[in-house]
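First comes the structure, then the notes that go with it.
There are 4 protein chains.
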Amino acid sequence: MDKIIFLIQSDDRKGLLATISQYFYSRNYNILHCQQHSDTQEKRYYMRLELDLKDLQTTRKQLQDEFSEFASKLGLTWECHFTDYRTNVAIMVSKTSHTLFDLLSRHHEGDLNCEIPLIISNHPDLEHIADQFRIPFYYLPITKGKKEEQEAQVRALLKQHHIDLVVLARYMQILTPVFVDEWYGKIINIHHAFLPAFQGANPYRRAYERGVKMIGATAHYASEDLDQGPIIEQDVVRVNHELTPEGLRKVGKDVERQVLSRAVQAHLEHRIIIYNNKTVVFNAEH
Amino acid sequence: MDKIIFLIQSDDRKGLLATISQYFYSRNYNILHCQQHSDTQEKRYYMRLELDLKDLQTTRKQLQDEFSEFASKLGLTWECHFTDYRTNVAIMVSKTSHTLFDLLSRHHEGDLNCEIPLIISNHPDLEHIADQFRIPFYYLPITKGKKEEQEAQVRALLKQHHIDLVVLARYMQILTPVFVDEWYGKIINIHHAFLPAFQGANPYRRAYERGVKMIGATAHYASEDLDQGPIIEQDVVRVNHELTPEGLRKVGKDVERQVLSRAVQAHLEHRIIIYNNKTVVFNAEH
Amino acid sequence: MDKIIFLIQSDDRKGLLATISQYFYSRNYNILHCQQHSDTQEKRYYMRLELDLKDLQTTRKQLQDEFSEFASKLGLTWECHFTDYRTNVAIMVSKTSHTLFDLLSRHHEGDLNCEIPLIISNHPDLEHIADQFRIPFYYLPITKGKKEEQEAQVRALLKQHHIDLVVLARYMQILTPVFVDEWYGKIINIHHAFLPAFQGANPYRRAYERGVKMIGATAHYASEDLDQGPIIEQDVVRVNHELTPEGLRKVGKDVERQVLSRAVQAHLEHRIIIYNNKTVVFNAEH
Amino acid sequence: MDKIIFLIQSDDRKGLLATISQYFYSRNYNILHCQQHSDTQEKRYYMRLELDLKDLQTTRKQLQDEFSEFASKLGLTWECHFTDYRTNVAIMVSKTSHTLFDLLSRHHEGDLNCEIPLIISNHPDLEHIADQFRIPFYYLPITKGKKEEQEAQVRALLKQHHIDLVVLARYMQILTPVFVDEWYGKIINIHHAFLPAFQGANPYRRAYERGVKMIGATAHYASEDLDQGPIIEQDVVRVNHELTPEGLRKVGKDVERQVLSRAVQAHLEHRIIIYNNKTVVFNAEH
Chain A
1 MDKIIFLIQS DDRKGLLATI SQYFYSRNYN ILHCQQHSDT QEKRYYMRLE
51 LDLKDLQTTR KQLQDEFSEF ASKLGLTWEC HFTDYRTNVA IMVSKTSHTL
101 FDLLSRHHEG DLNCEIPLII SNHPDLEHIA DQFRIPFYYL PITKGKKEEQ
151 EAQVRALLKQ HHIDLVVLAR YMQILTPVFV DEWYGKIINI HHAFLPAFQG
201 ANPYRRAYER GVKMIGATAH YASEDLDQGP IIEQDVVRVN HELTPEGLRK
251 VGKDVERQVL SRAVQAHLEH RIIIYNNKTV VFNAEH
Chain B
1001 MDKIIFLIQS DDRKGLLATI SQYFYSRNYN ILHCQQHSDT QEKRYYMRLE
1051 LDLKDLQTTR KQLQDEFSEF ASKLGLTWEC HFTDYRTNVA IMVSKTSHTL
1101 FDLLSRHHEG DLNCEIPLII SNHPDLEHIA DQFRIPFYYL PITKGKKEEQ
1151 EAQVRALLKQ HHIDLVVLAR YMQILTPVFV DEWYGKIINI HHAFLPAFQG
1201 ANPYRRAYER GVKMIGATAH YASEDLDQGP IIEQDVVRVN HELTPEGLRK
1251 VGKDVERQVL SRAVQAHLEH RIIIYNNKTV VFNAEH
Chain C
2001 MDKIIFLIQS DDRKGLLATI SQYFYSRNYN ILHCQQHSDT QEKRYYMRLE
2051 LDLKDLQTTR KQLQDEFSEF ASKLGLTWEC HFTDYRTNVA IMVSKTSHTL
2101 FDLLSRHHEG DLNCEIPLII SNHPDLEHIA DQFRIPFYYL PITKGKKEEQ
2151 EAQVRALLKQ HHIDLVVLAR YMQILTPVFV DEWYGKIINI HHAFLPAFQG
2201 ANPYRRAYER GVKMIGATAH YASEDLDQGP IIEQDVVRVN HELTPEGLRK
2251 VGKDVERQVL SRAVQAHLEH RIIIYNNKTV VFNAEH
Chain D
3001 MDKIIFLIQS DDRKGLLATI SQYFYSRNYN ILHCQQHSDT QEKRYYMRLE
3051 LDLKDLQTTR KQLQDEFSEF ASKLGLTWEC HFTDYRTNVA IMVSKTSHTL
3101 FDLLSRHHEG DLNCEIPLII SNHPDLEHIA DQFRIPFYYL PITKGKKEEQ
3151 EAQVRALLKQ HHIDLVVLAR YMQILTPVFV DEWYGKIINI HHAFLPAFQG
3201 ANPYRRAYER GVKMIGATAH YASEDLDQGP IIEQDVVRVN HELTPEGLRK
3251 VGKDVERQVL SRAVQAHLEH RIIIYNNKTV VFNAEH
């Protein structure tokens, strides 16, 4: 069943639920699902609404224009998505393949509602996987001091392919602030540690040295400050003294895979609202 | 902050959210929190509403009488709770003490919003724990063939103490159908297995014999059929070949404690709706 | 580093560790790792030894012949494996692809120490995945009343390809007792439920109907009785009232993937000993 | 069954297992359980041996003197424990009661093999809990600039009561380096975060601000550097945007309880070896 999804946020105050639900009900929309959150600390209100696309009696533009008027009176910030549109996702990788493989197989399984028109890498190593799944692979190496040039190429490709979301599936390069700002809320990165523990390089080695009893992974939106963006999803796995840094790396692969794919899925299902460098992630329904 | 909580269920149809939220908004209530669930299989709608008790401008009876009228027009089944009322809980035990201890210390910690006016047991063994927490302890043994008589005493005590909820904290007796029916939805039992696996007696022994790699616990509302009532909460813990049945029993204690206390907490916070021998358990907010 | 792995079991008695470790030490083997388990209920002793393959001064046959003599005096049951040998694995599937995909990508990632010379199916649907990974695909349909004939073909293929392990990756057919007996301890099946709960058909539908709060998966060696063989690995995932049977199926895919791949990995790393329809699964080291 | 437990560590080299197990076997000891770990990075060997106390044919002193001679030849570092000795544990608290309650009820349940002769606090608030469990309570406040004086009193009490282990059950004071050094490996602290994330003060507040999706707790041996000592046990619990810092604190209580009690239990069962600011924690058997 196709749906219209509204993601709404505003300052919290009386009557928002009644007013907004009344708005749609009076226009004859069936509200299939409504999730809310009131942040009592920040006095902020968040809402996710699912309407039945079959109830749409106007053009999509008209729906949005009218809601826009209503929203501006109430001071709502909002997005509107239609589930029959398939989000265009670009995956960026370096040499490590497990999260790439995982995303591609889930996509192939029909569990990620998106198109993946291209894979971009600063190394040629994973081209054979792109081939295996018949997805165009762009090898854009970074020459010393010429990162901006490479990024210009990357950004041109993203534009050309109408990309909505970039997934950094263990892309081992720091993006420039210009890129990150332009794409804020549209780049998901996986960090192979339980942030804010072990930010930066070599988290498994450092986890080994600290002797932790669990290791984790964190998916977050990229922001200017490395590993500091809004966290979408985290998970951990129990480890013990028997594991070397290499062993931790192996065991960690499964957590990385799961955490990244859950975060991408939440984004594709329009279940995430960003505010104040944090995320509201509404539960999935199936 | 004290709250009014409505638990509502009905057949699913268009406009329920708008109509109900409008009902309260127009009477000047602030909806602090609203959670819903549409069961698309059963075509059933479930809702939990939190209102601010300070917004109450009528008597409590008036609020309920008026809502009752509204609800009967819409065909809603509903309950209304006020969080400044402390639920009266009776705990029933036999000889095993860990879940009793856990409930009493959480209560003492202020994490269970209830009174515990009495503990009832068919064995005298745990009286000292009741003493330690200064809770009256009633020892009501079961003589062969005279379970009805003992239950009559139990039920008299429950009535006399205005009990709202009975928690069977490893009470090793099967209640009679009459008792269970009268108290349907008001008796929570803990079974020391991951139901429907290992229903009935000796679940740890049977888990050992089957060689399972995880053991669990299940909290459910008591129903006529043993271990078949609506499940509220379950959890598991990883085990391995090294554990004897006695070892499983020890390891299982923590899961039993957690599962039972989470289920009791969900009930006390009015987050559970029963329908069709299943439960909708809404998330806690804190 | 390549290793010699001994899996040993016997009746428990004094001195086994000292005697066996002395045996190898006196022959100048370095014991890299030694894991044991004494089952005090069954009075049974289990041991897993890792030796450094570089210490081997004889032929492999000679090592085994000599140990065989020593073992028969002590009444040990044993197996000996060399990690430079790559186990031959056949995967059997029907129409569901997620566990197949997972096994193939882990294999491609280098995380499963085996060869996968063929995939066998009773349906043609998944041939394209086999193609994608360039693994020969055998489509052997089952005509009514002719299962024995199909199985004869399957068993001929297994023989021809020197298969050591068969993985039933959601192969939706019950194997005949003859096949299962011949291959006892060499067929791993994944059941999409937390056994012994929901044995048999449609576990997700039945989990939905029972209203469980977690669903699971179980990997076990196939035995004559359906879903009754020695359990190797289990895991669960938390679910709630929002999930339909179809939603449970989707959520369950990740658990199935993980449980099956962990079980296969334990088998390939020679960490499993079967006794009395149960398994000892020694921890992995990395 | 009572046992003799040896904890051994040394540089790793060939033959340690054979030599040590032979040592005990030739003296007619039954090795009930033997666990080992070879740290291939540090080239370090760790071993835990359980012998049957009934096999002891000498005095305990003689056993240790003789082993001492053997060990010094091999360069082993070791400890020897007898499970019929009950470790003396002092618990130190401030105002928070949940971990205290948990330790005392587990002790009362018979799940912690120790005596608890006293509870020490820098605040008077929790005396009633000590009373409830009939354990002497010492209120030793800290006057500004006089921490050394208070610690002198604490240390005198520990000596007087023959304390073997100090458990800091949310004792909100930093111990002086002198104290910590003297008691190295004998003070277990619980930190209410997943270290090394959120070291220092107010971890729940900071977890809230960072927007993490899981919170955790860490039990570690106290060391001179705050929250930097050898980690014994960690665990986490899933949280989401709905939780305030106060909500995180509530949800975190269960993890703190479990992590601290598991760490204390591992220490009491002599399953921990410290080396290089890290721990080897051998599995429990039951």
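Residue numbers (this note's numbering), protein chains in the order written: chain A, 1 to 286; chain B, 1001 to 1286; chain C, 2001 to 2286; chain D, 3001 to 3286.
We put the beta carbon where it would ideally sit given N, CA and C, even for glycine.
1. By alpha-carbon positions, which one of D/TYR3184, D/ASP3102, D/ASP3235 and D/ASP3225 ends up nearest to D/PHE3194?
2. Looking at the secondary structure, which residues open and close the beta strand (DSSP E) in which C/SER2072 lies?
3. Report the residue from A/VAL259, A/HIS270 and A/HIS241 whose alpha carbon sits nearest the alpha carbon of D/ARG3044.
4. Under DSSP, the alpha helix (DSSP H) around A/TYR204 begins and ends at which residues?
5. Using a beta-carbon distance below 9 Å, is C/GLU2115 in contact with chain B?
6. Answer yes or no: does any C-beta atom of chain A fall closer than 9 Å to that of B/ALA1284?
7. When you compare only the Cα positions, how much space is there between D/THR3077 and D/LYS3147?
8. Around the Cβ of D/ASP3225, are there at least 16 other Cβ atoms within 10 angstroms (buried) or fewer (exposed)?
9. Examine chain C for any beta-carbon lying closer than 9 Å to the beta-carbon of B/GLY1252, and answer yes or no.
10. Give me the Cα-Cα distance between C/ASP2065 and D/PHE3006, rounded to the nearest whole angstrom.
11. Quick one: list the residues of chain D neighbouring C/TYR2025, beta-carbon separation under 9 Å, in chain order.
12. Going along the segment 1122–1135 of chain B in order, which residues come within less than 7 Å of chain D, judged by CB to CB distance?
13. Reducing DSSP to helix, strand and coil, say where C/SER2121 ends up.
14. What residue from A/ASP227, A/HIS192 and A/ILE215 has the CA that sits closest to A/ARG287's CA?
15. Any chance the segment 26–35 of chain A sits against the segment 1001–1018 of chain B, with 3 or more Cβ pairs inside 8 Å?
16. The beta strand (DSSP E) that contains C/LEU2007, what's its start and end?
17. Skipping 5 residues on each side, what residues in its chain have a beta carbon closer than 7 Å to that of A/SER97?
18. Quickly, what does DSSP pair C/PHE2082 with across the bridge? List them, please.
19. Closer than 9 Å by beta-carbon distance: list the chain B residues that pair up with A/ASN30, in chain order.
20. Cβ closer than 7 Å: which chain C residues qualify as neighbours of A/THR94?
21. Cβ of D/ILE3188 within 9 Å of Cβ of D/VAL3264?
22. Checking the sheet assignment: what are the DSSP bridge partners for A/LYS307?
23. I want to verify the contact list: residues of chain A whose CB lies under 8 Å from the CB of C/PHE2101, in sequence order.
24. Counting only beta-carbon separations shorter than 9 Å, does B/LEU1195 have a partner in chain D?
25. Report, in whole angstroms, the separation of the C-beta atoms of B/VAL1212 and C/ILE2231, which I expect to be a contact under 8 Å.
26. Are the segment 88–106 of chain A and the segment 246–266 of chain A touching by the rule of at least three beta carbon pairs closer than 8 Å?
27. For A/MET47, is the classification buried or exposed, using 16 other Cβ atoms within 10 angstroms of its Cβ as the cut-off for buried?
28. For A/THR218, write down the residues that DSSP places opposite it in a beta bridge.
29. Give the residues of chain B in contact with C/MET2172, contact being defined as C-beta atoms less than 7 Å apart.
30. Quick one: is D/GLN3081 near chain B, going by C-beta distance under 9 Å?
31. Does any CB atom of chain C fall closer than 9 Å to the CB of B/ASN1189?
32. Counting pairs of beta carbons, one from the segment 75–95 of chain A and one from the segment 108–120 of chain A, are three or more of them closer than 8 Å?
33. Which complete alpha helix (DSSP H) runs does the segment 146–199 of chain A hold, if anything under 4 residues is left out?
34. Here's a check: name, in chain order, each residue in its chain whose Cβ is nearer than 8 Å to the Cβ of A/ASN277, leaving out the five neighbours to either side.
35. Counting only the same chain and skipping the five closest in sequence on each side, list residues whose C-beta sits under 6 Å from that of C/HIS2168.
36. If you reduce the DSSP assignment to three classes, tell me which class A/HIS270 lands in.
On the basis of the coordinates in this document:
1. Of the candidates D/TYR3184, D/ASP3102, D/ASP3235 and D/ASP3225, the residue whose Cα lies closest to the Cα of D/PHE3194 is D/ASP3235.
2. Secondary structure note for C/SER2072: it is in no beta strand (DSSP E), and the uninterrupted alpha helix (DSSP H) holding it is 2060–2074.
3. Considering only alpha carbons, the answer is A/HIS241.
4. 203–210 is the extent of the alpha helix (DSSP H) around A/TYR204.
5. So, not an interface residue.
6. Not one chain A Cβ lies under 9 Å of B/ALA1284.
7. Going by the C-alpha atoms only, they are around 35 Å apart.
8. D/ASP3225 counts as exposed, since fewer than 16 other beta carbons sit within 10 angstroms of its beta carbon.
9. So, not an interface residue.
10. Between C/ASP2065 and D/PHE3006, the C-alpha separation is close to 36 Å.
11. Ordered by position in chain D, the residues that pass the 9 Å Cβ test against C/TYR2025 are LYS3014, GLY3015, LEU3017, ALA3018, THR3019 and GLN3022.
12. Answer set for the segment 1122–1135 of chain B: GLN1132.
13. Residue state, collapsed to three classes: strand.
14. One cannot answer for residue 287 of chain A here, as it falls past the ends of chain A, which runs 1 to 286.
15. Verdict: yes, contact present.
16. Boundaries of the beta strand (DSSP E) around C/LEU2007: 2003–2011.
17. Excluding the 5 residues flanking it on each side, A/SER97 has same chain C-beta neighbours closer than 7 Å at LEU126 and ILE129, in chain order.
18. Under DSSP, C/PHE2082 takes part in a beta bridge, and its partners are C/ILE2004.
19. Chain B residues near A/ASN30: ARG1013, LYS1014 and GLY1015.
20. Going by the sequence as given, residue 94 of chain A is Ser instead of Thr. Near A/SER94 there are no residues of chain C at all, since even the closest Cβ is about 15 Å away, more than 7 Å.
21. Judged by their CB atoms, D/ILE3188 and D/VAL3264 are nearer to each other than the 9 Å cut-off.
22. Residue 307 of chain A falls outside the range modelled here, since chain A spans only 1 to 286, and no answer is possible.
23. Chain A residues near C/PHE2101: SER105, HIS108 and GLU109.
24. It does not; no Cβ of chain D falls within 9 Å.
25. For a cut-off of 8 Å, the C-beta gap from B/VAL1212 to C/ILE2231 is around 6 Å, short enough to register as a contact.
26. Yes, the segment 88–106 of chain A touches the segment 246–266 of chain A.
27. Burial of A/MET47 is indicated by the presence of at least 16 other C-beta atoms within 10 angstroms of its C-beta.
28. For A/THR218, which the question treats as bridged, DSSP gives the partners A/HIS191 and A/GLN234.
29. Residues of chain B passing the Cβ test: none, with the nearest at roughly 23 Å.
30. Here the sequence assigns His to residue 3081 of chain D, which means Gln is not the residue at that position. No, because no Cβ of chain B sits closer than 9 Å to the Cβ of D/HIS3081.
31. No, because no Cβ of chain C sits closer than 9 Å to the Cβ of B/ASN1189.
32. Touching, per the Cβ criterion.
33. Those alpha helix (DSSP H) runs which fall completely within the segment 146–199 of chain A and span 4+ residues are 147–160 and 177–182.
34. Residues SER223, GLN228, GLY229 and PRO230 of the same chain have their beta carbon placed closer than 8 Å to that of A/ASN277, with the five preceding and five following residues left out of the count.
35. Reading off the sequence shown, one finds Leu at residue 2168 of chain C, where the question assumed His. Cβ within range, chain order: MET2092 and ASN2189.
36. Looking at A/HIS270 - three-state DSSP - the assignment turns out to be coil, as it is neither helix nor strand.
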